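Heads up: the structure comes next, in structure tokens.
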Amino acid sequence: MPKIPYKAEKCQDDDEDYEIVSFEDFCDKSPGANTDLLTLNDNINYRLYYESDKSSNFAEGGEPSTRDVGMHTETSLNGPKNASYKRKLSFAPFGRSDKTSRGHLFSSVIPKPRNEGDSSREHRYERFSPRRGWPGRAWEQLVTLFPIMVAAGLLCALCVAAWWAVGGALGGRWGDDHYRRLWERAHPEDLVKKPLSPVIEKVIPTENRYHDHNNLSTKNKINTTDVSRKKDYDKKSGYVERTVEVLREMCANVSDNMRFDCHPQENASEDECVKRGCCWRSTATAGAPLCYYPAPYDTYRFVNSTENRHGLLLQLARGRDARYPRQFDAVRVDFVYVSDLVLQIKITDAENRRYEPPYPEIPIVSGPISKLKYRVEIDSSAVGFKVIRNEDNVTIVNTQNVGGLILSDQFLQMSSLLPIDRVYGLGERQAPLLNDLNWKTFTLFNQDMPPTENANLYGTHPFYLALEKDGKSHGMALINTNAMDIVLQPTPAITYRTLGGILNFFVLLGPSPQDVVAQYTSLVGRPFLPPYWSLGFHLCKYDYGSLNVTRDVMQRNRDAGVPLDVQWNDLDYMSRGNDFTYDKDKFAGLPEFVDQLHEQGMHYVILVDPGVSASEKPGEYPPFDRGLEMDIFIKNSTDQPFIGKVWNPVSTAWPDFTHPNSSAYWREMFTNFHKIVKYDGAWIDMNEPSNFVSGSLHGACAPERLPYRPAGVREGLRHKTLCMEARHHAAAHYDVHSAHALCEAVATHTAMQEIRGKRPFVISRGSSPGLGRVSGHWSGDVYSRWHDMRISIPALLSFSLFGVPMMGTDICGFIGDTTPELCKRWMQLGAFYPFSRNHNSNEAKPQDPAHLGGAVLRASVAALRLRYRLLPVYYTLFVRAHLRGDTVARPLFFEFPSDANVHAIDEQFLIGSHVMITAILHEGANSTKALFPGKDPWYSLRDGSFLAKDELKEVTDADMVSVRGGAILPLQDPPSKGPVNTALTRSRPMQLLVAPDANGHAVGELYWDDGDSINTYEEKKYSHIEFSFQNNELNSTVQWWGYGVPSVNSISVLGQTKSIKSVTINNVQTEFTYDTKIQVLTIPNLNIALDKPISVKLTY
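Next up, the structure:
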């Protein structure tokens, strides 16, 4: 627009009138001009109002027109979808208060006639303010206020309409059908598409309602207004029961393998089944339920869904009555995008607060989302949701119209279709690694039970890993500590049934098995970094009877050459079975004995029970006295310490590890006893918690009127444990039972770290998600049987999935007498458990290797020396588990996920990615068949000879440990004579074993620190060295050097099919040997420091 020099024109009455200028003039005014903003506003409004039919001067001059600013595009509900209707928008001018009251803008502005000779720059408007009488001024005020009155009326009408709309929606009068009709009117041409239901925000009053549990807790009160509301619920919801004919047709469409049990309680009948709105029909399929859900089983209906970049919120309202007490009327489902590969699905009561476990502490803060690998699909006409992997559109979770979604106070159920039938995890159970999906029901509720098939054992881990046909993996974890059943059926499908809390799922997208475990441990906690000495061999027996026997057993094994690092004592070391005491008669001199162990480079672990004696005289037993003072015991219904009976002579009280003061109490007890006996580790037993009486020692438990009893709970939830109404600080025992062991492990881990100032070492019998962050686990009171030895491998591998790599089984068995053959084979296997301990009961004969002697002793020494040689590999793997969530012991399918031949193998396992253990597991056998999968060669760790490649082969115990091509292993030979423990082996030279793959490549790494200090990684007091072999050259790279590493005295390269002419190390010719028979190159008598890169070149 061309600029015209501004010429100031003085206004006649600056105090009373505004200067009226054209838009162009205003834009051209100098910055210092005294022009009121209202002048511009008035001018713009006037021109928009009176000149909207004229062409814009800007448009004529080639400038962009602002004509469209005054136009508004809208779509009519009754007209075509894309039709536009334009209307003028009036602009409300800025008001101004001055000496004289001003009228409406357009009441005092009139056009000024333009003469032919007038300049285009001359003002075209003039304004006047004549003196008026009071009637005129009153009329002017009325005209001014009228638009405001109209606006106020419209606002009130809008509020009434909004109240009517929301009230109608929440009252059930407006639903999907109402909005669908509106949408169809607006979009008649798109009737084939399903519309999204509009957003309805339901304001829900805050109310805390805890479980009633039949008066199990004094806190559990039901809101009376809630009860009265529920009486009118069906009337309000407008739910109409299906006719018999409709239901019959729906039932006929359900195939046998798609049947989901509608009456999981005992004594199902057709009458009760029909009352639930379900189908009853006989079937020839074994295991399929007679009473099953029609599809859909409309317990809930869609109300609303909203989504943002961090997740999606789904709101549901109850539909049909599922005939369970205290069903949720309103349900909130939160889909939280935790990361690109992790999704949280949290299903809870939208109106009442529910119990959630205090552990594991999962930090749910959405990480950076770059590109989600999944999507959530909601169908407003279906019950449930889908989680779909974006890469290949595979539905990995599908609950839409699957089974019955039941959400009530003491029964929560959800079913989902699975994309594959290869499912691992879901423990703790004694079972094969690959789960049986043939209508199997597993109960998860921590229980003191010797490992037996079809029984719930010491731990609760509702986490599964699914392996798909193409090798991809995904997982799903439920964080819930109430008693539960999990049902697997051949559909394939899974059903969760829990007796309380909330349904808090985490979906893990993998895509590799290792990725799934790493994602899981990133939530529940990475495994703790164990002290190096704990990777040695441990020895124990319940009831050695005295310190003298303990010392003799330990010494005879050391003298026999059995590598040994840790001596243990079971509860027989205690005085009268009481924690934090020792028997000063039978175990006189225990503190001095422990000091001697430390002088020999060994360590000592004691058993600690979770309950303390409640029958000692006041002032004689501080653990009970201080517990009363600090008020940290679990309470009964009268607010007194809950009293039961375990190993204590009369009675037992249990510290409440959810209480804020419990950690300080536990630390004080550990510290006081450590001042007497300098123990190094804690073995926490009986912490399911176990109780020798079912409930209280004084009085009966409250009746357990459960709407559903889990399959494994035959004698009530209180059987051999506490009453369910016993009160913890966090909640009733009903809710926290299966988290008790984890809470104790957290307190014990903290106490051990403080009193030693070094890495804690804790082994717990009870477990739940997150245990691996603070403790290891052993599989409990297994029997001395061949079957129990074989089944120990899937137990070990399952706990690797659960994020608990420090795991093992009592070698040679705990219950019953072992045999020399069984113990020999078990020692050969157990020598390679990550946690390796020989232990048995007081009623069984001694089974330590030196006592059994002969073949057992020879096999034990050979296997354990091989283990100690591999300890640098084990330790590096534990560091990777601690930092990255890797597994230590792992199933073969972790490395060969697309090879269907290995998916069910659970009698062989891997240590890391390249070391395989194949033990002889059957009575009378001298060899076993082993599968050596993959295209790379496998070598014997014993002498480096080639074993097999991608084939099934018979092997003896000489080759039970094999190495896959592609690995470089840092090894450390133990001393050939004298006692063997980690304190002695750690200072000895290292050896490098190079096993090339099919392409002649290999890689490896070594992590090394002092093995016991806290935070060595964070403080960079470690060394990390990587090795590679390619093009016949071995190289090392120092990634970090912060702690001294032993030198290398030998290098072996396997699979050398060609004769070697020369070898150079850092360009210096070196002597070597080459075994033509086994094709192994050995470079002996070296002294190579690893603090600088090394280069070893082979010439053929």
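Residue numbers for the sequence shown follow my numbering, so the first one is 1 and each next one is one higher. The beta-carbon is built from N, C-alpha and C at its ideal position, and this holds for glycine as well. Computed from a predicted model, the values in this text were never measured in an experiment.
Assigned with DSSP and collapsed to three states, I968 falls in strand.
When rounded, the separation of the alpha-carbon atoms in M602 and F670 is 20 Å. In the displayed model, E361 falls within coil according to three-state DSSP, outside both helix and strand.
Using a Cβ distance threshold of 7 Å, I1078 and I1051 do not count as a contacting pair. If you ignore the 5 residues before and after L871, its C-beta comes within less than 6 Å of the C-beta of L535, all in its own chain and listed in chain order. Contact between the stretch 908-925 and the stretch 538-550 is absent: fewer than 3 CB-CB pairs across the two stretches fall below 8 Å. Only residues of its own chain outside the window of five on either side were considered, and among them C279, R281, P294 have a CB closer than 7 Å to the CB of C251, listed in chain order. At least 7 Å separates the beta-carbon of P846 from that of L857. Runs of the beta strand (DSSP E) spanning 3 or more residues and lying entirely within the stretch 950-1005 occur at 951-956, 961-964, 967-971, 990-995, in chain order.
In this structure, the alpha-carbon of L564 lies about 33 Å from that of A948.
Between the alpha carbons of C723 and P610 lies a distance of about 16 Å.
Taking a cut-off of 8 Å on C-beta distances, the stretch 580-591 does not touch the stretch 514-526, as fewer than three cross pairs fall below it. The distance from the Cβ of P451 to that of L457 is about 6 Å, consistent with a contact at the 8 Å cut-off. For M827, the uninterrupted alpha helix (DSSP H) segment begins and ends at 820-830. The three-state reading of DSSP puts D298 in coil, since its state is none of H, G, I, E or B. Counting along the chain, L523 sits inside the alpha helix (DSSP H) bounded by residues 513-524. Between the C-alpha atoms of A1002 and I968 there is a straight-line separation of about 6 Å.
With fewer than three CB-CB distances shorter than 8 Å, the stretch 950-961 does not count as touching the stretch 983-999. Counting along the chain, Q596 sits inside the alpha helix (DSSP H) bounded by residues 590-599. The shortest CA-to-CA distance from N435 to any of F411, N661, A904, T1076 is the one to A904. Looking only at F302, D256, P513, E468, the smallest Cα-Cα distance to V383 is reached by F302.
Taking 7 Å as the cut-off, the beta carbon of L1090 is found no closer than this to the beta carbon of T876. In this structure G699 is exposed. Its beta-carbon is surrounded by fewer than 16 other beta-carbon atoms within 10 angstroms. Looking from the CA of Y337, the closest CA among D321, R375, Q327 belongs to R375. Minimum Cα-Cα distance from L478 among the listed residues L312, D470, M449, L508 corresponds to L508.
Just so you know, the alpha carbons of N257 and T491 end up roughly 5 Å apart.
Between Q567 and Y604, the C-beta gap is smaller than 7 Å, which places the two residues in contact. Looking at the backbone, the Cα of I486 and that of I347 are separated by about 17 Å. For N636 against A726, the beta-carbon gap comes to about 6 Å, under 8 Å, which counts as contact.
Bounds of the beta strand (DSSP E) holding I345 are 342-349. One Cα belongs to I815, the other to A844, and the distance between them is close to 7 Å.
In the three-state DSSP reduction, L564 falls in the coil class, being neither helix nor strand.
The alpha carbon of L437 has as its nearest neighbour, out of Q430, V423, A431, the alpha carbon of V423. With at least 16 other beta carbons inside 10 angstroms of its own, A431 counts as buried. For F799, the three-state secondary structure derived from DSSP is helix. For P462, the enclosing beta strand (DSSP E) stretches over residues 461-467.
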